[in-house]
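Colleague:
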Amino acid sequence: MLSAQCQRPGAQSPIMERIKGLSFVAPSRPFDSNPFVDVLNVNSSWIAVIPYAFCRAGEPVVHYDHQESDKRWWGEGRHGIEETICQAQSNHIKVMLKPQIWVGKDWIGNLQFATAKDWEKWEDSYEDYILPFAALSEEMGVEMICIGTEIKGSITERPQFWQNLITKVRSVYKGKVTYAANWDEYEKVSFWSRLDYIGVNAYFPLCEEKNPTEQSLTRAWDPLLNELGKFSKKYHKPILFTEYGYLSVDGSGGKTWELESKLKSLDYNPQAQANCLNALLECCSKRDFWQGGFVWKWYSDPKNMRHGLEKDHSPQGKPAEDVIRKWYAKM
Numbered sequence: 357m358l359s360a361q362c363q364r365p366g367a368q369s370p371i372m373e374r375i376k377g378l379s380f381v382a383p384s385r386p387f388d389s390n391p392f393v394d395v396l397n398v399n400s401s402w403i404a405v406i407p408y409a410f411c412r413a414g415e416p417v418v419h420y421d422h423q424e425s426d427k428r429w430w431g432e433g434r435h436g437i438e439e440t441i442c443q444a445q446s447n448h449i450k451v452m453l454k455p456q457i458w459v460g461k462d463w464i465g466n467l468q469f470a471t472a473k474d475w476e477k478w479e480d481s482y483e484d485y486i487l488p489f490a491a492l493s494e495e496m497g498v499e500m501i502c503i504g505t506e507i508k509g510s511i512t513e514r515p516q517f518w519q520n521l522i523t524k525v526r527s528v529y530k531g532k533v534t535y536a537a538n539w540d541e542y543e544k545v546s547f548w549s550r551l552d553y554i555g556v557n558a559y560f561p562l563c564e565e566k567n568p569t570e571q572s573l574t575r576a577w578d579p580l581l582n583e584l585g586k587f588s589k590k591y592h593k594p595i596l597f598t599e600y601g602y603l604s605v606d607g608s609g610g611k612t613w614e615l616e617s618k619l620k621s622l623d624y625n626p627q628a629q630a631n632c633l634n635a636l637l638e639c640c641s642k643r644d645f646w647q648g649g650f651v652w653k654w655y656s657d658p659k660n661m662r663h664g665l666e667k668d669h670s671p672q673g674k675p676a677e678d679v680i681r682k683w684y685a686k687m
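Per my numbering, the very first residue in the sequence shown carries number 357; after that it's consecutive.
1. Considering only C-alpha positions, which residue in the set C442, C411, P416 and E432 is nearest to N390?
2. Could you check which residue in K376, N631 and I522 has the C-alpha nearest to that of K566?
3. Can the beta-carbon of T512 be found closer than 8 Å to that of N557?
4. Taking 6 Å as the limit between beta carbons, can you name the residues of its chain near K577, skipping five residues before and five after?
5. DSSP puts S379 in a beta bridge; with which residues?
6. Output the distance between the C-alpha atoms of E677 and S400, rounded to the nearest integer angstrom.
7. Considering only residues of the same chain and omitting the five flanking positions on each side of A360, which have a CB-CB separation below 6 Å?
8. Would you call the CB atoms of Y529 and E494 closer than 8 Å?
9. E439 to Q571, Cα distance in whole Å?
10. Within 10 angstroms of the Cβ of E506, are there 16 or more other Cβ atoms? Answer buried if so, exposed if not.
11. Given a threshold of 16 other Cβ atoms within 10 Å of its Cβ, counted over all protein chains shown, does A409 qualify as buried or as exposed?
12. Would you decide whether P579 is buried or exposed? Buried here means 16 or more other CB atoms lie within 10 Å of its CB.
13. How far does the alpha helix (DSSP H) with C301 in it reach, from first residue to last?
14. Output the boundary residues of the beta strand (DSSP E) element that contains G648.
15. Which residues in the same chain have their Cβ closer than 6 Å to the Cβ of F489, if we skip the five residues on either side of it in sequence?
16. In whole angstroms, what separates the C-alpha of W613 from that of Q519?
17. Using C-beta distances below 6 Å, list every residue in its chain close to D657, excluding the 5 sequence neighbours before and after it, in chain order.
18. Going by C-alpha distance, which of D462, K682, A685 and N582 is nearest A413?
19. When you compare only the Cα positions, how much space is there between E616 and G504?
20. Would you mind stating whether G607 and R374 have Cβ atoms separated by less than 8 Å?
21. Going by C-alpha distance, which of L665, W646 and K653 is nearest D623?
22. Report the rounded CA-to-CA distance for F547 versus P515, giving the unit in angstroms.
23. Do L378 and I406 come within 8 Å of each other at the CB atom, strictly closer than that value?
24. Taking the alpha-carbon positions, what's the W683 to F469 distance?
25. Answer with buried or exposed for N397, where buried requires no fewer than 16 other C-beta atoms within 10 angstroms of its C-beta.
26. Assuming P675 and V651 make a contact with CB atoms under 8 Å, what is their CB distance in whole Å?
27. Please say whether L562 and S510 have beta carbons closer to each other than 8 Å?
28. Any idea if K653 is buried or exposed, counting beta-carbon neighbours within 10 angstroms, 16 or more meaning buried?
29. Just to confirm, are I449 and F517 a CB contact at a threshold of 8 Å?
30. Return yes when the Cβ of I501 is within less than 8 Å of the Cβ of V533, no when it is not.
31. Output the distance between the C-alpha atoms of A628 and G609, rounded to the nearest integer angstrom.
32. Below 8 Å on the Cβ atoms is my contact criterion, and I expect Y600 with L551 to pass it. Report the Cβ-Cβ distance as a whole number of Å.
33. Measure the Cβ-Cβ separation of E483 and L521 and say whether it is below 8 Å.
34. Mind checking whether F560 and I595 have CB atoms under 8 Å apart?
35. Please specify which runs of the beta strand (DSSP E), each continuous and at least 3 residues long, are wholly inside the region 466-550, giving them in chain order.
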């Protein structure tokens with residue numbers, strides 16, 4: 357049984373304010389100090405806690421052991437997740453629990469199976485991964501759960517599975533529920549009416565400029581936000597950016613997935629990252645349908661940052677950190 361101090365009164369109350377979130381990278385070991393001092397310092401009021409499971413391409417199994425294991429980082433195991441949620445709550449920070457799948461040398465959006473039998477096997481395995489987290493979220497008063505991230509093949513080929521999963525999640529969890537669609541996937545999701553937010557991982561390609569300007573970025577955002585606004589109105593649901601962020605390199609407003617594949621050859625450009633984040637927050641904050649979002653990504657322990665990650669999405673220690681601090685203070 358979890359300690360009562362890990363549960364906050366009113367944790368399941370309606371979410372009215374904008375979500376000023378950070379995607380929290382799980383630490384490899386227990387916290388040495390309070391990791392939420394820095395979170396609060398950028399005026400963030402939410403974190404996404406992300407316990408990764410693993411798949412192999414073509415294998416209909418989701419690998420995640422809900423028992424403790426020495427084979428993964430502490431922050432992705434059950435005890436580490438509970439402790440992270442507890443500490444967030446004690447610092448008055450709200451939580452979205454976002455179980456997510458990592459596919460080695462591939463992307464979960466490419467997941468496909470040739471037979472219904474394999475799909476069903478994968479679905480059973482995925483349920484075994486998600487539903488205990490739904491129960492944990494209810495037990496700990498977590499404000500929101502995200503039931504999937506960028507699983508494009510399953511969304512389009514097996515929509516009834518997701519309808520059934522939502523029913524099962526809702527039966528054990530009374531908080532807010534969303535799904536994180538890739539930026540080019542959200543219009544294909546058939547079950548938004550049963551969720552609380554239209555979740556979008558907002559890696560929209562904006563422009564190819566080496567140093568993207570405010571004018572170019574704003575020009576790119578306007579039609580995208582117009583379409584998102586129409587979509588929000590269609591379903592009477594707010595848009596939540598379940599992930600958003602930019603690499604700290606030349607051309608960071610372009611196709612993120614292509615930039616990631618050649619990261620070592622790109623020049624470090626933290627100002628390009630800052631410009632892109634500033635444009636997103638400035639343009640989106642003017643739209644009433646936009647609920648906010650979660651910056652990708654934030655390291656609870658800088659020691660976990662691998663060599664070369666100065667070019668990655670994290671805003672920490674870069675001009676982008678000041679951009680987030682400024683806009684999260686306004687939102």
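Heads up, the beta-carbon is just placed ideally off N, CA and C, and yes, glycines get one too.
Modeller: Here's the rundown:
1. Of the listed residues, the one whose Cα sits closest to N390 is C442.
2. For K566, the nearest C-alpha among the options comes from N631.
3. No. Outside cutoff.
4. Just to set this straight, residue 577 is Trp in the shown sequence, not Lys. For W577, where only same-chain residues beyond five positions count, the Cβ hits under 6 Å are C639.
5. Paired residue(s): A404.
6. Cα to Cα, the separation comes out at about 11 Å.
7. For A360, the pLDDT reaches just 40, beneath the cut-off of 50, and the residue's location in the model is therefore unreliable, although a value from the coordinates is still provided. For A360, where only same-chain residues beyond five positions count, there are no Cβ hits under 6 Å.
8. With respect to the 8 Å criterion, Y529 and E494 are classified as neighbours on the basis of their beta carbons.
9. Spanning the two alpha carbons is a distance of roughly 44 Å.
10. Its Cβ being crowded by 16 or more others within 10 Å, E506 is buried.
11. If you draw a 10 Å sphere on the C-beta of A409, you find 16 or more other C-beta atoms in it, and that means buried.
12. That one is exposed.
13. Here the chain covers residues 357 to 687 and nothing more, so residue 301 does not appear.
14. DSSP places G648 inside the beta strand (DSSP E), whose first and last residues are W646 to Y655.
15. Counting only Cβ-Cβ distances below 6 Å, and skipping sequence neighbours, we find L453 and P455.
16. Looking at the two C-alpha atoms, the distance is approximately 30 Å.
17. Excluding residues within five positions, the ones whose Cβ falls inside 6 Å are P383.
18. Nearest of D462, K682, A685 and N582 to A413, Cα basis: D462.
19. Taking C-alpha positions only, E616 is separated from G504 by approximately 22 Å.
20. If you check the CB distance, G607 and R374 do not come in under 8 Å.
21. Selected option, being the one with the closest Cα: L665.
22. CA-CA distance, F547 to P515, rounds to 8 Å.
23. No, the Cβ-Cβ distance between I406 and L378 is not below 8 Å.
24. Roughly 43 Å between the two C-alpha positions.
25. Exposed is the call here.
26. Between V651 and P675 the Cβ distance is about 14 Å, and since that is not below 8 Å, they are no contact.
27. No, the Cβ-Cβ distance between S510 and L562 is not below 8 Å.
28. Per the 10 Å Cβ criterion, buried.
29. The answer is no: Cβ separation not under 8 Å.
30. For the pair V533 and I501, the CB atoms are nearer than the 8 Å cut-off.
31. C-alpha separation (whole angstroms): 8 Å.
32. Actually they do not touch by this definition, with Cβ atoms about 19 Å apart.
33. Yes, these two residues count as a Cβ contact at 8 Å.
34. No, the Cβ-Cβ distance between F560 and I595 is not below 8 Å.
35. Qualifying beta strand (DSSP E) stretches, in chain order: 500-505 and 532-538.
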